[in-house]
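For the sequence shown, the UniProt record's numbering assigns the number 1 to the initial residue and increments by one for each residue that follows.
For each residue, glycine too, the CB sits at the ideal point set by N, CA and C.
Note that this is a predicted model, so its numbers are computed, not measured.
The next block holds one structure in the form of C-alpha cells; read it before the comments.
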Amino acid sequence: MMRLLSLCAFLATSSLFAAEPVTEKINVLDLMKAGEVEYHINPKADFHDPASEVFQLKDGLLNISGKGYGYMVTKKGYKDYHLVVDFKWGPKTWGKRADRARDNGILVHSYGPHGAYGDTWMASIEAQIIEGGIGDILVLSPKLADGTELTTSLKAEFELDRDKEKRWKKGAPLQEVTKGRINWEKRDEDWADKIDFRGKDDPDSPVGEWNRLEVIAKGDTLEYFVNGKLVNAAFACKPAEGRICIQTEGAEMIVRRYELHPLGQFKEKWTPEMAKK
Numbered sequence: 001m002m003r004l005l006s007l008c009a010f011l012a013t014s015s016l017f018a019a020e021p022v023t024e025k026i027n028v029l030d031l032m033k034a035g036e037v038e039y040h041i042n043p044k045a046d047f048h049d050p051a052s053e054v055f056q057l058k059d060g061l062l063n064i065s066g067k068g069y070g071y072m073v074t075k076k077g078y079k080d081y082h083l084v085v086d087f088k089w090g091p092k093t094w095g096k097r098a099d100r101a102r103d104n105g106i107l108v109h110s111y112g113p114h115g116a117y118g119d120t121w122m123a124s125i126e127a128q129i130i131e132g133g134i135g136d137i138l139v140l141s142p143k144l145a146d147g148t149e150l151t152t153s154l155k156a157e158f159e160l161d162r163d164k165e166k167r168w169k170k171g172a173p174l175q176e177v178t179k180g181r182i183n184w185e186k187r188d189e190d191w192a193d194k195i196d197f198r199g200k201d202d203p204d205s206p207v208g209e210w211n212r213l214e215v216i217a218k219g220d221t222l223e224y225f226v227n228g229k230l231v232n233a234a235f236a237c238k239p240a241e242g243r244i245c246i247q248t249e250g251a252e253m254i255v256r257r258y259e260l261h262p263l264g265q266f267k268e269k270w271t272p273e274m275a276k277k
C-alpha cells in the first residue's frame, strides 16, 4: 500500500512539470535570474555549501563552484529541443575529488523527487561532462526509500570495449539499457580518474578554454555533440521529456551559454577559435 501511495504521489508530482516543446529560444540563465529554477545539494556529502554559494551569476556568467554534489534544475519540463551549453573548467577542485578528473554533467528528461539517486541526482539521462568522458550517456534509475523503482530506459547502438564497457558504435545492434553508462565513441580505454586526464582522441579543449556540449532531443531520441562532433546517441528514451539539471560535482566550472533552441533553428557551427574567445 505504501509503495502504491508513493507511486501515486510521484505521478501527481510529475504532472506538475508537464513538458512543453521548445518553440522559441530559452536562456536558462535568464530563468535563473527570474527564479524559475530549483536547487538540490546533498547534505550528507563531505562538502555541501549552500546552493546560493555553489551556483552564482557573475558578469553574465554562471559560476559553479563545485563545492557540493547536486544540481540546479528548471521548474518546467521540456521536450523537442536543441540544448547548447558553452563551458570551461575553473582551477578549483574539492574534497575527495581534488586530484580526480574534473566532473560535472547535464541531466535531461529529469523526473521524480529531488535527490532520488544516491541523495544527489534526479532520475534522468545524463550527458556526462568529465575529463576524458565528455559525451558519455548515463542512465539513472533510482529506487526510492519505500522500494518504488523509477525506471529510466533507452536503446543504444553499442559494442563492448577491451574492458567490457559499453561504447557507442553507430550501426551496432540496438540494445536496451536501464542503468549504467554508455561511453562516447572514442573514449580512451586507459581512462583514469585523475585530474587533467586527456585521451588521445578527446574532442574537448584544454583546461581553461571553452567547450560546447549540445544535446538534441527529438521525439524519443537523443544525440550528443562535443565541439561540433557527434559522440553518442540514444533511441526509445523513456521518459522522452522532463526537467533539465546542471550539476555540481567537486570541480569548478564556468558557463557562458546555457540555452534551449527549437529543433532545426540553431545553425551556429563550432570552430576552434571559439575555444579561446
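The alpha helix (DSSP H) spanning residue i covers which residue range?
i: Asp30; result: 28-33
i: Val54; result: 51-54
So, for residue i: in the same chain, excluding its five sequence neighbours on each side, which residues have a beta-carbon less than 8 Å away from its beta-carbon?
i: Glu209; result: Lys88, Ala275, Lys276
i: Ala233; result: Ala156, Glu157, Trp168, Lys170, Thr221, Leu222, Glu223, Tyr224
i: Leu263; result: Val22, Asp80, Tyr81, His82, Ile216, Lys218
Going by C-alpha to C-alpha distance, which of the options sits closest to residue i?
i: Val54; options: Asp46, Tyr39, Gly60, Asp220; result: Tyr39
i: Lys67; options: Thr74, Gly95, Gly77; result: Gly95
i: Gln265; options: Arg257, Asp119, Thr23; result: Thr23
i: Lys267; options: His82, Asn183, Ser153; result: His82
i: Asn42; options: Glu273, Leu263, Met253, Glu249; result: Glu249
i: Asn183; options: Pro272, Lys194, Pro50, Val231; result: Val231
i: Thr178; options: Ala236, Lys186, Asp204, Thr151; result: Thr151
i: Trp121; options: Gly132, Ile134, Asp136, Gly105; result: Gly105
i: Tyr117; options: Asp202, Arg212, Ala145; result: Ala145
i: Lys44; options: Leu140, Arg181, Asp193, Asp119; result: Asp119
i: Lys238; options: Glu273, Asp204, Leu140; result: Leu140
Residue i to residue j, Cα distance in whole Å?
i: Ala19; j: Thr93; result: 35 Å
i: Lys200; j: Ile129; result: 17 Å
i: Val84; j: Arg162; result: 32 Å
i: Val255; j: Glu214; result: 13 Å
i: His261; j: Phe197; result: 32 Å
i: Pro113; j: Lys143; result: 11 Å
i: Glu126; j: Lys79; result: 15 Å
i: Glu149; j: Ile244; result: 20 Å
i: Gly242; j: Pro206; result: 32 Å
i: Trp191; j: Arg100; result: 12 Å
i: Trp270; j: Asn227; result: 6 Å
i: Ala240; j: Tyr71; result: 20 Å
i: Asp188; j: Met32; result: 36 Å
i: Pro91; j: Ser153; result: 35 Å
i: Lys218; j: Ser124; result: 16 Å
i: Gly77; j: Ala51; result: 21 Å
i: Lys164; j: Lys186; result: 14 Å
i: Ile246; j: Val108; result: 9 Å
i: Ala98; j: Ile137; result: 24 Å
i: Ala236; j: Tyr111; result: 17 Å
i: Phe47; j: Tyr69; result: 8 Å
By Cβ distance, which residues of its chain are closer than 7 Å to residue i, with the 5 residues on each side in sequence left out?
i: Leu29; result: Leu57, Leu62, Tyr258
i: Glu159; result: Arg167, Lys169, Ala172
i: Gln175; result: Lys155, Ala156, Phe158
i: Val37; result: Leu31, Met72, Val73, Thr74, Lys75
i: Met253; result: Ile64, Gly66, Phe87, Trp89, Gly90, Asn104
From the DSSP output, which residues share a beta bridge with residue i?
i: Cys237; result: None, per the DSSP bridge assignment.
i: Pro21; result: Lys79
i: Ile41; result: Gly70
i: Arg243; result: Ser110
i: Gly133; result: None, per the DSSP bridge assignment.
i: Ser176; result: The question names Ser, but residue 176 in the sequence shown is Glu. In the DSSP output, where bridge partners are listed per residue, Glu176 has Lys155.
i: Lys143; result: Glu149
i: Glu126; result: Leu107, Leu138
Can you tell me where the beta strand (DSSP E) with residue i in it begins and where it stops?
i: Met253; result: 251-261
i: Val226; result: 221-226
i: Lys218; result: 211-218
i: His109; result: 103-111
i: Phe158; result: 153-160
i: Leu62; result: 61-64
i: Ile195; result: Note, Ile195: premise wrong, no beta strand (DSSP E); not H, not E.
i: Trp94; result: Trp94 -> no beta strand (DSSP E), and no H or E assigned at all.
i: Lys166; result: 166-168
Taking 9 Å as the threshold (beta carbon to beta carbon), is residue i in contact with chain D?
i: Ala116; result: This model lacks chain D altogether, as it is built from one protein chain only.
Using C-beta distances below 6 Å, list every residue in its chain close to residue i, excluding the 5 sequence neighbours before and after it, in chain order.
i: Gly135; result: Trp184, Tyr224, Val226, Val231, Asn232
i: Arg102; result: Trp89, Glu131, Ala251
i: Asn27; result: Glu259
i: Arg181; result: Asp136, Leu138
I'd like to confirm something about residue i: is its beta-carbon nearer than 8 Å to some heavy atom of the ligand GTP, or not?
i: Asp188; result: Among the components modelled here there is no ligand, and therefore nothing to report on the ligand GTP.
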